[in-house]
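Asks:
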Amino acid sequence: MQEAVIQFDRLKPQFTETKKKLSQARHLPGEVYSSADIYALEKEKIFMTHWLSIGRTEEVPNVGDYMTFQVMNESIVISRPAPDQISVFMNQCLHRGVEVASGCGNAQDFSCPYHAWLYNIDGTLISAPGMKTCEVDLKGSALHRLQMRIWRGWIFVNFSDNPVPFEDFIEPYERNLWWFQTDQCKMADKVVIDVACNWKFLVENLIDIYHVGVIHTSTFGGFVKGEKLKFNLEKDGGWHTSYEARPHSKGGKQVFPTLPWATKAPSGIACKAGIYPNLNLSMRADSVRMWHVWPISPSKTRIICYLLFPEAAFSIPNYDEELKKYREFVKQIIAEDAVMVESLQNTAGSKFFKSGPMSPLEEALHHMEKHYIDLMTN
Ligand code: FES
Ligand SMILES: [Fe+2]
Numbered sequence: 382m383q384e385a386v387i388q389f390d391r392l393k394p395q396f397t398e399t400k401k402k403l404s405q406a407r408h409l410p411g412e413v414y415s416s417a418d419i420y421a422l423e424k425e426k427i428f429m430t431h432w433l434s435i436g437r438t439e440e441v442p443n444v445g446d447y448m449t450f451q452v453m454n455e456s457i458v459i460s461r462p463a464p465d466q467i468s469v470f471m472n473q474c475l476h477r478g479v480e481v482a483s484g485c486g487n488a489q490d491f492s493c494p495y496h497a498w499l500y501n502i503d504g505t506l507i508s509a510p511g512m513k514t515c516e517v518d519l520k521g522s523a524l525h526r527l528q529m530r531i532w533r534g535w536i537f538v539n540f541s542d543n544p545v546p547f548e549d550f551i552e553p554y555e556r557n558l559w560w561f562q563t564d565q566c567k568m569a570d571k572v573v574i575d576v577a578c579n580w581k582f583l584v585e586n587l588i589d590i591y592h593v594g595v596i597h598t599s600t601f602g603g604f605v606k607g608e609k610l611k612f613n614l615e616k617d618g619g620w621h622t623s624y625e626a627r628p629h630s631k632g633g634k635q636v637f638p639t640l641p642w643a644t645k646a647p648s649g650i651a652c653k654a655g656i657y658p659n660l661n662l663s664m665r666a667d668s669v670r671m672w673h674v675w676p677i678s679p680s681k682t683r684i685i686c687y688l689l690f691p692e693a694a695f696s697i698p699n700y701d702e703e704l705k706k707y708r709e710f711v712k713q714i715i716a717e718d719a720v721m722v723e724s725l726q727n728t729a730g731s732k733f734f735k736s737g738p739m740s741p742l743e744e745a746l747h748h749m750e751k752h753y754i755d756l757m758t759n
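Just so you know, the working numbering puts 696 at position 315 of the sequence shown, and the rest follows in order with no gaps.
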């Protein structure tokens, strides 16, 4: 960790360049995308302190349902102990630390596979066989619980014991995102793709309107009018905006019914938002998506894109076929981006690499890169 702090000190002159006004600013230096020490510091300063969406309540619909997940090697369990309750706790046995649950499913309890300590579905310890003579008091013990909140169908957790109040964190999005009515949607599919680049390259790519007309000509690039786009910037590194763009389909044709809350909006509306550090929210007239960007290593990132629709979409004629086409369309967009962000990763560690100036279309990237510097240097 100390290494990363020293590295940040050395990078100060380059951070000064990033923090200049947009017309004079340069992007972040390559080291922040390639250094393992900086990656470790990001875990502590960003992912272990921020509210993170880890999935949807509908993924654990019934009592006893559970799923496991990893955030930067921290293994967690999400479970539903009662109809109106969701628990999130560390997947770490109180004996030696073995993961007590794996994959997903429905269970009454979790038996640790190593020495069979038994836990309730909410993580409370039920029994510890062979421990009768142990004088350590285990009564009332439970797997370490994380603070969690539900927002518009999403399960947010925070690894910190003393996080920013969730209500303060979500307030700008709660107030502004009229179009992100995901509590009125169901998940149609979840696209999971690993990309060989640092997580920040992908988060930045998802708000980079500058490249859309260049690399997405065979998907949606021709249907986005982004030149006059104005970003609303939030002080926590987030942003939201709307602009003109056609639905995500070949030829931009609308396939699914118009979202009930968007019937009065222009048919070519697109809305997007970013919640720092790793969420990208998106709406077209007929569909909603939430992109989650998860760091796996300094140079590997997992994208999980949730495809959501309100009820009416699920009963259109040829639904399965249309969903397949939509899924392939989204995958194609990611494939087009992956080539670029993997190339960025290839050069980020080069001693010859010097980050270049920003375009006026990179306003939201600038905002986020400055926020990153503040988070990492304070
Ligand atoms: S590690 Fe779980 S019971 Fe020993
Ligand atoms: Fe893209």
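Think of the CB as a built atom: it goes at the ideal place given N, C-alpha and C, for glycine as much as any other residue.
For methionine 448 and cysteine 485, what's the separation of their Cα atoms in angstroms?
Replies: 4 angstroms
Asks: Would valine 576 and isoleucine 715 qualify as a contact pair, given that the criterion is a beta-carbon distance under 9 angstroms?
Replies: yes
Asks: Suppose the cutoff is 7 angstroms on Cβ atoms and the five residues either side in sequence are ignored; what does the same chain contact list for arginine 683 look like?
Replies: Val573, Asp575, Trp675 and Ile677
Asks: Are the beta-carbon atoms belonging to proline 544 and tryptophan 432 less than 9 angstroms from one another?
Replies: yes
Asks: If you drop the 5 nearest sequence neighbours on each side, which residues of the same chain put their C-beta closer than 7 angstroms to that of alanine 541?
Replies: It is serine, not alanine, that sits at residue 541 in the sequence shown. Taken in chain order, the residues that qualify are Met429 and Thr430.
Asks: So which residues put a beta carbon under 5 angstroms from any heavy atom of ligand 1, going in chain order?
Replies: Cys474, His476, Arg477, Val479, Cys493, Tyr495, His496 and Trp498
Asks: Are the Cβ atoms of isoleucine 467 and threonine 514 separated by less than 9 angstroms?
Replies: No. Outside cutoff.
Asks: Quick check on DSSP: helix, strand or coil for threonine 682?
Replies: Strand, per DSSP.
Asks: Take leucine 756 as the anchor and find which of Lys616, Pro691 and Thr600 has the nearest alpha-carbon.
Replies: Here the closest residue by C-alpha is Lys616.
Asks: Kindly indicate the opening and closing residues of the alpha helix (DSSP H) around arginine 387.
Replies: According to the sequence displayed, residue 387 carries isoleucine and not arginine. Isoleucine 387 -> alpha helix (DSSP H) spans 383-391.
Asks: Could you work out which residue in Pro638, Gly534 and Ile590 is closest to glutamate 555 when comparing CA atoms only?
Replies: Gly534
Asks: Decide yes or no for the touch test of the segment 472-491 against the segment 441-458: beta carbon pairs closer than 8 angstroms, at least 3 of them.
Replies: yes
Asks: Report the option in His525, Lys402, Asn586 and Asn557 whose CA atom is closest to the CA atom of glutamine 726.
Replies: Of His525, Lys402, Asn586 and Asn557, the smallest CA-CA separation from glutamine 726 is found for Asn586.
Asks: Assuming the contact rule is C-beta atoms closer than 8 angstroms, valine 479 and tyrosine 495 should be a hit. Round their C-beta distance to whole Å, please.
Replies: 4 angstroms
Asks: Any idea which residues DSSP pairs lysine 653 with across the strands?
Replies: Thr622 and Ser663
Asks: With a threshold of 8 angstroms (Cβ to nearest heavy atom), would histidine 525 be considered close to ligand 2?
Replies: Outside the cutoff, so no.
Asks: Spell out the partners DSSP gives proline 691 in its beta bridges.
Replies: Cys566
Asks: Do the CB positions of lysine 631 and phenylalanine 710 come within less than 9 angstroms of each other?
Replies: A contact, by the Cβ cut-off of 9 angstroms.
Asks: Under 8 angstroms: does the beta carbon of leucine 587 sit that close to some heavy atom of ligand 2?
Replies: yes
Asks: Any heavy atom of ligand 2 inside 8 angstroms of the beta-carbon of glutamate 717?
Replies: yes
Asks: Could you tell me whether any non-hydrogen atom of ligand 2 is closer than 8 angstroms to the CB of isoleucine 714?
Replies: At a threshold of 8 angstroms, isoleucine 714 counts as near ligand 2, since its beta carbon sits closer than that to one of the ligand's heavy atoms.
Asks: Just to confirm the assignment, what range does the beta strand (DSSP E) spanning threonine 728 have?
Replies: Per DSSP, threonine 728 belongs to no beta strand (DSSP E); it is in the alpha helix (DSSP H), 700-729.
Asks: Any heavy atom of ligand 2 closer than 8 angstroms to the beta-carbon of valine 545?
Replies: no
Asks: Taking 8 angstroms as the line, does the beta carbon of isoleucine 596 fall inside it for any heavy atom of ligand 3?
Replies: Looking at this structure, you won't find ligand 3 anywhere; what it does contain is ligand 1 and ligand 2.
Asks: For arginine 665, which residues from the same chain have a beta carbon less than 7 angstroms from its beta carbon, with the 5 sequence-adjacent residues on both sides left out?
Replies: Excluding five sequence positions before and after arginine 665, the CB atoms of its chain that fall closer than 7 angstroms to its own CB belong to Ala626, Pro628, His629 and Ala651, given in chain order.
Asks: Starting from the Cα of threonine 728, find the closest Cα among Ser404, Val413 and Leu704 and give me that residue.
Replies: Comparing Cα positions, the closest option is Val413.
Asks: So what does lysine 571 bridge to, in DSSP terms?
Replies: Tyr687
Asks: Please list, in chain order, all residues of the same chain as glutamine 562 whose beta carbon is under 6 angstroms from its beta carbon, the five residues on each side excluded.
Replies: Trp642
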